[in-house]
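> Just so it is clear: in the sequence shown, position 272 is 271 by numbering that gives the first Met the number 0, and no numbers are missing.
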Amino acid sequence: MEKKTSWRIGIIALLCCALVLCAVWAVVRPGEPADQPAVAADASAEQDNDESAAADASSESLTERNQGWISDIRFLQQTFTDEHPAPFWLLPQEDFDRQIDELIEQVPKLSDLEIGMELQRIVAQIGDQHSQVYFYEGLSAYPFDFYMNDDGTVYLYQIRSADFETNQYILDYYQVVQINKVDIQYIINRLRPLSSSGSSAYGYTQDMEFLLCYRDVLKEIGIPCEGDTDTFTLLDEQKQAFDIELAPFASSEETKLVDYIDDKHLRDNQPVTIPLLLQNQQQNYWYKYLEDEKALFFSIAHFDTHEDKNSSEIFEQDIQRMYTFFEEKNAEKLVIDLRGCPGGEAPLANVLIDNVRAKLEISKNTYILINSQTYSAGVVCARELSEECTLVGAPTGGTPWGFSKKEYVLPYSELVFNCGHFYYDGEIMYENALFHSPQFKMINFFPPEWESTVMPDVYISTDIQDLAEGRDPALEWVLAQ
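1) So, helix, strand or coil for GLU387, using DSSP?
2) What did DSSP end up calling PHE421 once you bin it into helix, strand or coil?
3) Please classify VAL23: is it buried, with 16 or more other beta-carbons within 10 angstroms of its beta-carbon, or exposed?
4) Quick check on TYR203: does DSSP put it in helix, strand or coil?
5) Go through the region 305–389 residue by residue and report every complete run of the beta strand (DSSP E) that reaches 3 residues or more, in order.
6) Check this for me: beta carbons of PRO394 and TYR201, under 7 Å apart or not?
7) Let's see if you can read the secondary structure: which residues bound the alpha helix (DSSP H) around GLY67?
8) Which residues in the same chain have their Cβ closer than 6 Å to the Cβ of THR461, if we skip the five residues on either side of it in sequence?
9) Starting from the C-beta of GLU219, find all residues in its chain whose C-beta is less than 7 Å away, skip the five residues before and the five after it, and write them out in chain order.
10) To the nearest angstrom, how far is it from the Cα of GLN167 to the Cα of SER298?
11) Applying the 10 Å Cβ sphere with the 16-neighbour rule, what's the burial state of VAL27?
12) Can the beta-carbon of CYS388 be found less than 7 Å from the beta-carbon of SER371?
13) Along the beta strand (DSSP E) that carries ILE125, what are the first and last residues, could you check?
14) Sort out for me which residues DSSP pairs PHE241 with in a bridge.
15) Would you call the region 402–411 in contact with the region 178–188, where contact means no fewer than 3 C-beta pairs closer than 8 Å?
16) In whole angstroms, give me the CA-to-CA distance for LEU256 and SER310.
17) What residue range does the beta strand (DSSP E) around LYS287 cover?
18) Using the C-alpha atoms, what's the distance from ILE121 back to GLN98?
19) Per DSSP, what kind of secondary structure is GLY115 in: helix, strand or coil?
20) I'd like to know if the region 324–336 and the region 279–288 are in contact, where contact means that at least 3 CB-CB pairs between them fall below 8 Å.
21) Around the Cβ of ILE427, are there at least 16 other Cβ atoms within 10 angstroms (buried) or fewer (exposed)?
22) As a quick exercise: from ASP456, GLU344, VAL132, MET321, pick the residue whose alpha carbon is nearest that of ARG382.
23) Would you tell me roughly how many angstroms separate the C-alpha atoms of TRP400 and SER139, rounded to the nearest one?
24) Considering only the beta carbon of each residue, do GLY396 and LEU337 sit closer than 7 Å?
25) Using only the alpha-carbon positions, how far apart do HIS264 and TYR374 sit?
26) Quick one: give me the first and last residue of the beta strand (DSSP E) that GLN167 is part of.
27) What's the call for ALA300, buried or exposed, on a 16-neighbour Cβ count within 10 Å?
28) Does DSSP put VAL408 in a helix, a strand or coil?
29) Are three or more beta carbon pairs between the region 313–320 and the region 344–364 nearer than 8 Å?
30) Thinking C-beta only, is TYR284 closer than 7 Å to TYR213?
31) Let's test the definition: count the other Cβ atoms within 10 Å of the Cβ of ALA294 and tell me whether it reaches 16, buried, or not, exposed.
32) To the nearest angstrom, report how far apart ALA467 and ILE335 are at their CA atoms.
33) For TYR133, I'd like the list of residues in its chain whose CB is within less than 6 Å of its CB, leaving aside the five on either flank, ordered along the chain.
34) Tell me whether the beta-carbon of GLN124 lies closer than 7 Å to the beta-carbon of LEU90.
35) Using only the alpha-carbon positions, how far apart do ALA207 and SER60 sit?
36) ALA479 to TYR203, Cα distance in whole Å?
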């Protein structure tokens, strides 16, 4: 009885196996590949679901801080991808996305400052001078400012005993050669990836002057900062090296650079007349007649009228008054100083360009001063007027083409960042729709990378040594013509 039952069970099992094989054969028949993608799609969907589930599980295990930062990073990534006119003209999108993903993986291991610096390093590769992450906001700074000469030398400096009624001051300055025994040029090279200077060979100097102020930034790029103070190795007037100790300074109390210098290394600086370049810095623009030279000096520190409405009309009226004053004084030359001008409102720059072009007789004797601190709208003015006027000074830090900016705030960290808004090339501005149209071809649209500055017709640098002596060689050359 048992043997017979086992035999029947075996027959039934064989029949079941045959039915299963037939069913499989019906689903996966050779010679009918049309069914295979459906199977592959199902497998792919299952894999995607598994990856999403894993990502969700990973997200659930993150702290609130880490989740917040990851959301911020994705927000910045999406903003540049969607809002910037051409975020990937220089940095391929796959490289941008890969670096973003790698940063997200590192979030739990990084400090807030490190994340902010890494975001800036990624954004800087886009090659847009106006796109930037302000990761250094709120950091304590050293008590003195940095200055970079056009030759790349770095100085600590401080203006003291300034009397703006008599326009007299003392400018103390000392060349920096090391910080904590690390060569200053090595530090500059380590900081350069954080600069949004793009392809400009000169635009990084302003960023360096800011970044060198922050000890925490120096620590993050690998400079050994131990203890409460840092050792700055300086050079005196005889080029002898000596050390001073500095710490980040959060207090508003006044501290003097000369108090840190031994008597044997002190310069015997005397009060001098403040150069016009540094006068009236609280004003966006101003002019003064130089009677002995029969020249009108017109300084533009910023293309801004401080008015929310009708700024172009206000600036137009001010320019007309300036030209009327020029004619009343029977001036023989006009000097427009754009050194240190970061830019401002593009329509105001266009007002100046149009007025200079309309005054052809005056334009022949119009000189425009530029340097590595000239950016954005200031550079546009210099390039657009280079045929009518003589450019004097040093190459500009900004490019004559680029992207305007729009400000955003990261939701979690509240870091502020700028993203390119629309593209301009000189006076010409392009609508963002152009870059998203099917007909747009990025290749050969943007100028070559080497068109990254405006060169002067006459090269004359005005360095910190000149300013400390009350001199301005670039302006002096113009006035002597």
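For each residue, glycine too, the CB sits at the ideal point set by N, CA and C.
Looking at the atomic coordinates:
1) coil
2) strand
3) Because VAL23 carries a pLDDT of 35, less than 50, the predicted location of this residue cannot be relied on, and the following value inherits that uncertainty. Burial call: exposed.
4) helix
5) 332–336, 365–369
6) yes
7) 63–82
8) ASP471, PRO472, ALA473
9) LEU112, GLU113, MET116
10) 19 Å
11) Model confidence at VAL27 stands at a pLDDT of 37, short of 50, so the residue's coordinates are unreliable; what they give is reported in the following sentence. VAL27 comes out exposed.
12) no
13) Neither: ILE125 is in no beta strand (DSSP E) and is coded neither H nor E.
14) LEU233
15) no
16) 40 Å
17) 284–289
18) 7 Å
19) helix
20) yes
21) exposed
22) ASP456
23) 34 Å
24) no
25) 36 Å
26) 167–178
27) buried
28) strand
29) yes
30) no
31) buried
32) 22 Å
33) VAL415
34) yes
35) The question names Ala, but residue 207 in the sequence shown is Met. Straight-line Cα distance between these residues: approximately 39 Å.
36) 32 Å
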